[in-house]
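Report on the structure given below.
Residue numbers (the working numbering): 850 to 1123.
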């Protein structure tokens, strides 16, 4: 009884800020207003299967996957370096990784706009060096770069925490049994760090798939992703039904991704130790 009493604030919080919004979004996605009154249909969901929106969704998933893969490939080696016992200035590097997270993401993205714009710092350097300037903003590359910069800490920190929790004796035992560094990484380090990898992948993939602010600023309206379509339905066209339907579909995609990654994490935990 006492435990239930302690859990009541969390249950109330979840009900107000998770369950209620989900119910409302589902309600608006099914609601259709006609001359006869309010009816519930799947018209908004059928509209999603228009080739235009399917193409936008596929592009959004592709850019989110690219962002996630680049973050993972660059974050894992960095996390391993930070996990070394003799690593000097580890605290300073961790602070530098965390520091951008203390700043508003909108301000961080605006800062990159200043760097990448036609008369920005990067083109000024190229011009000073006698090299041709180029258009860095308003393309897929700028958007992916902006998402990597914004979400990279969410990849490196979980992996670092997972690596830090690995018992060093397991690594030593692997070497004592004749395994080399590659074998030890494959059979010990990687399987035991999979929870951190899974967490990092989810924490990067989900915001990359749903972001609209980075796309709007660094894409300049020339690149439209699924997050921008959802934002537009609620803020401009006032089509809450279609916007809610897109949100529900995106939520289902994320839930499926979490389930699949959860299965992979279970398999990863089953990885043998030499």
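C-beta: ideal position from N, C-alpha, C; glycine also.
Note that this is a predicted model, so its numbers are computed, not measured.
Just curious, the beta strand (DSSP E) that residue i is in, first and last residue?
i	result
residue 880	880–883
residue 1015	Careful: residue 1015 lies outside any beta strand (DSSP E) and carries neither H nor E.
residue 866	Per DSSP, residue 866 belongs to no beta strand (DSSP E) and is neither H nor E.
residue 889	886–889
Residue i to residue j, Cα distance in whole Å?
i	j	result
residue 865	residue 935	47 Å
residue 869	residue 1076	21 Å
residue 884	residue 1091	19 Å
residue 1065	residue 1032	45 Å
residue 916	residue 1106	16 Å
residue 903	residue 1050	23 Å
residue 932	residue 1046	15 Å
residue 1111	residue 1035	20 Å
residue 1015	residue 947	22 Å
residue 1073	residue 1024	51 Å
residue 1119	residue 1041	Note on residue 1119: pLDDT 44, under 50, position unreliable in the model; no value is reported.
residue 1085	residue 1093	14 Å
residue 1052	residue 944	19 Å
residue 1109	residue 978	49 Å
residue 1098	residue 878	10 Å
residue 1087	residue 860	32 Å
residue 965	residue 876	42 Å
residue 1103	residue 980	43 Å
residue 1082	residue 889	19 Å
residue 951	residue 938	20 Å
Please name the residue in the options whose C-alpha comes closest to that of residue i.
i	options	result
residue 874	1048, 1107, 1095, 1106	1095
residue 953	908, 999, 975, 1026	999
residue 1069	944, 951, 989, 886	989
residue 982	1097, 967, 1044	967
residue 930	1023, 1009, 1099	1009
residue 986	1043, 863, 1071	1071
residue 907	1059, 994, 857	1059
residue 960	1102, 1108, 1063	1063
residue 1067	996, 1081, 863, 888	996
residue 928	1018, 950, 1012	1012
residue 962	1082, 937, 992	992
residue 994	942, 958, 939	958
Mind checking which residues open and close the alpha helix (DSSP H) that includes residue i?
i	result
residue 917	900–931
residue 897	892–897
residue 1076	1075–1084
residue 1068	1062–1068
Report yes or no: do the segment 887–907 and the segment 962–974 share at least 3 C-beta pairs separated by less than 8 Å?
no
Counting only runs of 4+ residues fully inside the segment 937–998, write out the alpha helix (DSSP H) ranges in chain order.
With a minimum length of 4 residues, the continuous alpha helix (DSSP H) runs that stay inside the segment 937–998 are 939–947, 954–965, 970–977.
Decide if the segment 996–1013 is in contact with the segment 918–929; the criterion is three or more beta carbon pairs, one per stretch, under 8 Å apart.
yes
Can you list the alpha helix (DSSP H) stretches of 4 or more residues lying completely in the segment 1011–1059, in chain order?
1017–1025, 1030–1033, 1039–1059
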